[in-house]
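These notes are about the structure you will find just below.
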Amino acid sequence: MKTLVAGWFSFEQMGASAGDLLARDVACEWLREAGRDFDIALARPFAGGVDWRAVDPAAYAEVVFVCGPFGNGPPLTEFLERFAGRPLVGLNLTMLEPLDVWDPFALLIERDSSARSHPDMALLSRQPLVPVAGLVLIDSQPEYKKRDRHGEANAALRRLAASRDLAVVPIDTRLDENTTGLRSAAQVESLIARTDVVLTTRLHGTVLALKNGVPALVVDPVAGGAKIRRQTATLGWPVAFDADALDERALNDALDYCLTAEARTLAHQCAGRARARLQETRREFLERFAKLTR
102 MKTLVAGWFS
112 FEQMGASAGD
122 LLARDVACEW
132 LREAGRDFDI
142 ALARPFAGGV
152 DWRAVDPAAY
162 AEVVFVCGPF
172 GNGPPLTEFL
182 ERFAGRPLVG
192 LNLTMLEPLD
202 VWDPFALLIE
212 RDSSARSHPD
222 MALLSRQPLV
232 PVAGLVLIDS
242 QPEYKKRDRH
252 GEANAALRRL
262 AASRDLAVVP
272 IDTRLDENTT
282 GLRSAAQVES
292 LIARTDVVLT
302 TRLHGTVLAL
312 KNGVPALVVD
322 PVAGGAKIRR
332 QTATLGWPVA
342 FDADALDERA
352 LNDALDYCLT
362 AEARTLAHQC
372 AGRARARLQE
382 TRREFLERFA
392 KLTR
């Protein structure tokens, strides 16, 4: 017979977290080591498991409940009643009542209880990390009037981000009103600098990414290209597109490239060349300003 693995991921709208799923994966690994087959009870939006309300309790030798707070109340009471008679194992749980008052487990290795505590099992998980993508998008640009294609450009980058296993972080560079809770230029740049790639329709999304050695997948939201395309050409950064000439395969290929070490090296090189050129700009300004103000 199998083991049934359950947790807050087994109930709809009960706040299952990333930590719950990571601890569950560790528990499943331990069951494999123990030579046990198992089913995982899952509820929407999670898929691929079984519904604990629909399965036959007699099909399981024991039930393992993994991670989170555990107390003597709904919806746990219904769950426990359904699997009454099956040995209950608790892993990584925070017991809400003292164990001398209520302990329904045949085996309990808790995260914390009135008796003892253990490190959270998520610390043992081996979840592969995914790239962090900054999504830096612009609003409408009335100065370009009929050439403005920001809607199409932004939508293309959102679709691209959604099609990949990326941790997408929206980043608003506007500071008079900021939709992402950032309050200073330092906060904006610090967040951009910590990403692996930036998907952007903003000039300063491009500039601040490259400045910090972060590859930028750039779409100029103006038909035919405008200031962003001119800036990428000036900086020597090749991963730039016009909003009216977008190709899904090309965008996917560009994202693949931006996630390479080669692209990160090129981003650093572009920033270095730009800083060198700006020293010439500095000298020109100081010389011409001195003449102007004599």
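If you want the numbering used here, it's the position in the sequence shown, counting the first as 1, plus 101.
Using N, Cα and C, we set each Cβ at its ideal position, and we do this for glycine too.
None of the values given here were measured: they were computed from a predicted structure.
What would DSSP say about residue i, mapped onto helix, strand or coil?
{"i": "Ile-397", "result": "The displayed coordinates of the chain run from 102 to 395. Any statement about residue 397 would go beyond what the structure contains."}
{"i": "Pro-322", "result": "coil"}
{"i": "Val-298", "result": "strand"}
{"i": "Phe-171", "result": "strand"}
{"i": "Thr-195", "result": "strand"}
{"i": "Phe-390", "result": "helix"}
{"i": "Ala-142", "result": "strand"}
{"i": "Ala-341", "result": "strand"}
{"i": "Ile-105", "result": "At residue 105 the sequence reads Leu, which differs from the Ile that was named. Leu-105 falls in the strand class under three-state DSSP."}
{"i": "Cys-189", "result": "One detail in the question is off: residue 189 reads as Leu in this sequence, not Cys. Reduced to three states, the DSSP call for Leu-189 is strand."}
{"i": "Pro-158", "result": "helix"}
{"i": "Val-270", "result": "strand"}
{"i": "Glu-163", "result": "strand"}
{"i": "Ala-334", "result": "helix"}
{"i": "Val-151", "result": "strand"}
For residue i, which residues from the same chain have a beta carbon less than 8 Å from its beta carbon, with the 5 sequence-adjacent residues on both sides left out?
{"i": "Tyr-358", "result": "Pro-316, Val-340, Ala-364"}
{"i": "Thr-195", "result": "Gly-169, Pro-170, Phe-171, Glu-211, Arg-212, Asp-213, Ser-214"}
{"i": "Pro-188", "result": "Ala-162, Glu-163, Val-164, Ala-207, Leu-208"}
Rounded to the nearest angstrom, how far is the Cβ of residue i from that of residue j, given a contact under 8 Å?
{"i": "Leu-209", "j": "Gly-191", "result": "4 Å"}
{"i": "Leu-336", "j": "Ala-375", "result": "5 Å"}
{"i": "Arg-183", "j": "Trp-203", "result": "Contact flag wrong, Cβ pair sits at about 18 Å."}
{"i": "Thr-397", "j": "His-251", "result": "In the structure as shown, the chain starts at 102 and stops at 395, and residue 397 therefore has no counterpart that could be examined."}
{"i": "Thr-281", "j": "Ile-293", "result": "Not really, about 11 Å apart at Cβ, beyond 8 Å."}
{"i": "Glu-113", "j": "Arg-145", "result": "6 Å"}
Got a sec? Which residues, its chain only, sit under 6 Å from residue i by beta carbon, not counting five neighbours each side?
{"i": "Phe-139", "result": "Lys-103, Thr-104, Val-106, Leu-132"}
{"i": "Ser-285", "result": "none"}
{"i": "Thr-366", "result": "none"}
{"i": "Ala-117", "result": "Trp-109, Phe-110"}
{"i": "Phe-180", "result": "none"}
{"i": "Val-151", "result": "Asp-140, Ala-142"}
{"i": "Ala-223", "result": "Gly-120, Leu-123, Ala-124"}
{"i": "Asn-313", "result": "Ala-294"}
{"i": "Glu-385", "result": "none"}
Excluding sequence positions up to five away, which residues of its chain have a Cβ less than 7 Å from the Cβ of residue i?
{"i": "Gly-149", "result": "Leu-143"}
{"i": "Leu-311", "result": "Ala-317, Leu-336, Trp-338, Ala-368, Cys-371, Ala-372"}
{"i": "Glu-198", "result": "Gly-172, Asn-173"}
Give a yes or no on contact between the region 293-306 and the region 226-238, applying the rule of three or more CB pairs nearer than 8 Å. Touching, yes, given that three or more Cβ pairs across the two stretches are closer than 8 Å.
Take every Cβ of the region 117-129, pair it with every Cβ of the region 223-231, and state whether three or more of those distances are shorter than 8 Å. Because the criterion of three Cβ pairs below 8 Å is met, the region 117-129 and the region 223-231 touch.
Quick one: any contact between the region 315-329 and the region 344-353, if contact means 3 or more CB pairs under 8 Å? Touching, per the Cβ criterion.
Any chance the region 151-165 sits against the region 250-266, with 3 or more Cβ pairs inside 8 Å? Contact between the region 151-165 and the region 250-266 is absent, because fewer than three Cβ pairs lie under 8 Å.
Alpha helix (DSSP H) segments (min. 4 residues) lying fully within the region 204-268: Correct list: 251-263.
So, do the region 289-297 and the region 264-281 have three or more beta carbon pairs nearer to each other than 8 Å? They touch, by the three-pair rule.
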